[in-house]
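*Asks:* Just dropping this structure here.
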Amino acid sequence: EAGVAQSPRYKIIEKRQSVAFWCNPISGHATLYWYQQILGQGPKLLIQFQNNGVVDDSQLPKDRFSAERLKGVDSTLKIQPAKLEDSAVYLCASSLVAGTDQPQHFGDGTRLSIL
Amino acid sequence: SQQGEEDPQALSIQEGENATMNCSYKTSINNLQWYRQNSGRGLVHLILIRSNEREKHSGRLRVTLDTSKKSSSLLITASRAADTASYFCATVSGAGTALIFGKGTTLSVSS
Chain A
1 EAGVAQSPRY KIIEKRQSVA FWCNPISGHA TLYWYQQILG QGPKLLIQFQ NNGVVDDSQL
61 PKDRFSAERL KGVDSTLKIQ PAKLEDSAVY LCASSLVAGT DQPQHFGDGT RLSIL
Chain B
1001 SQQGEEDPQA LSIQEGENAT MNCSYKTSIN NLQWYRQNSG RGLVHLILIR SNEREKHSGR
1061 LRVTLDTSKK SSSLLITASR AADTASYFCA TVSGAGTALI FGKGTTLSVS S
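Order-wise, the sequence lines are chains A and B. Anchor point for the first sequence: position 49 equals 49 in my numbering, and the numbering is continuous, going up by one each time. Anchor point for the second sequence: position 31 equals 1031 in my numbering, and the numbering is continuous, going up by one each time.
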């Protein structure tokens, strides 16, 4: 089966600019997650979708970050305006259902550098 | 916030040796999972152990869980150069399904 697809792989922008990331989960996976991974740390959850509804966005900085999942399939994560501290890898993951015993399947991420 | 803390932060061994990584966590959990991340890539699920399980095996991997000490260990036997990667423990707690990761252990296996 095809894995989780993310694009772009790399993005360099200046602070205060905007940027968007795209994720296509594994076909049929109802649950989609966006994580932020700062260099040297483990991933941190930003937002979780179940189909096209938001389950958890408690750690999403909503003044600058937004995310949507159209038709319960693809998802986009946007940052506007970007800050230096947003430099990180943004990982998308999906799982078949929202059960606690479901492994998550990760894409290779988008590496964002803020100048 | 980080739930798990892996120990050691970095580990260097020779091919054929065993590698042991430890993870401690703070709150009660539903399960604990281990993931591997190769440089520049996403995370790959290795193994899941439920809170009522004490030990689990998968190929060259052995995971133990001690809920009384809130700790887990991952043992990789007969390490190979291809095992070089960062290893993360992640926990699932309460009604949520999102993973809470530790900072990871970087394993280097030299041939």
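Glycine included, C-beta positions come from ideal geometry on N, C-alpha and C. In this text, all values refer to a predicted model and were calculated from it rather than measured experimentally.
Tell me which residues of the stretch 81 to 106 of chain A have at least one Cβ-Cβ distance to chain B shorter than 8 Å, keeping chain order.
*Replies:* Flagged, chain order: 91, 93, 95, 98, 99, 100, 101, 102, 103, 104, 105, 106.
*Asks:* Report yes if the CB atom of residue 90/A is closer than 8 Å to the CB atom of residue 34/A, and no otherwise.
*Replies:* With contacts defined by Cβ atoms closer than 8 Å, residue 90/A and residue 34/A form a contacting pair.
*Asks:* Whole alpha helix (DSSP H) runs in the stretch 1001 to 1075 of chain B with 4 or more residues, listed along the chain?
*Replies:* No alpha helix (DSSP H) of 4 residues or more sits fully in the stretch 1001 to 1075 of chain B.
*Asks:* What does residue 109/A touch in chain B if you count any residue whose Cβ is under 7 Å from its own?
*Replies:* 1042
*Asks:* Have a look at the DSSP bridge pairing and note the partners of residue 126/A.
*Replies:* As displayed, chain A neither begins before 1 nor continues past 115, which places residue 126/A out of reach and without an answer.
*Asks:* Considering only C-alpha positions, which residue in the set 1037/B, 1084/B, 1016/B, 1031/B is nearest to residue 1107/B?
*Replies:* 1084/B
*Asks:* Nearest to residue 1050/B by CA position, among 1102/B, 1109/B, 1094/B, 1077/B, is which residue?
*Replies:* 1094/B
*Asks:* According to DSSP, is residue 68/A part of a helix, a strand, or is it coil?
*Replies:* strand
*Asks:* Measuring straight from C-alpha to C-alpha, what distance separates residue 1071/B and residue 106/A?
*Replies:* Answer to the nearest angstrom: the Cα atoms are 25 Å apart.
*Asks:* Comparing the C-beta of residue 1092/B with each C-beta of chain A, is any distance below 8 Å?
*Replies:* So yes, residue 1092/B belongs to the interface.
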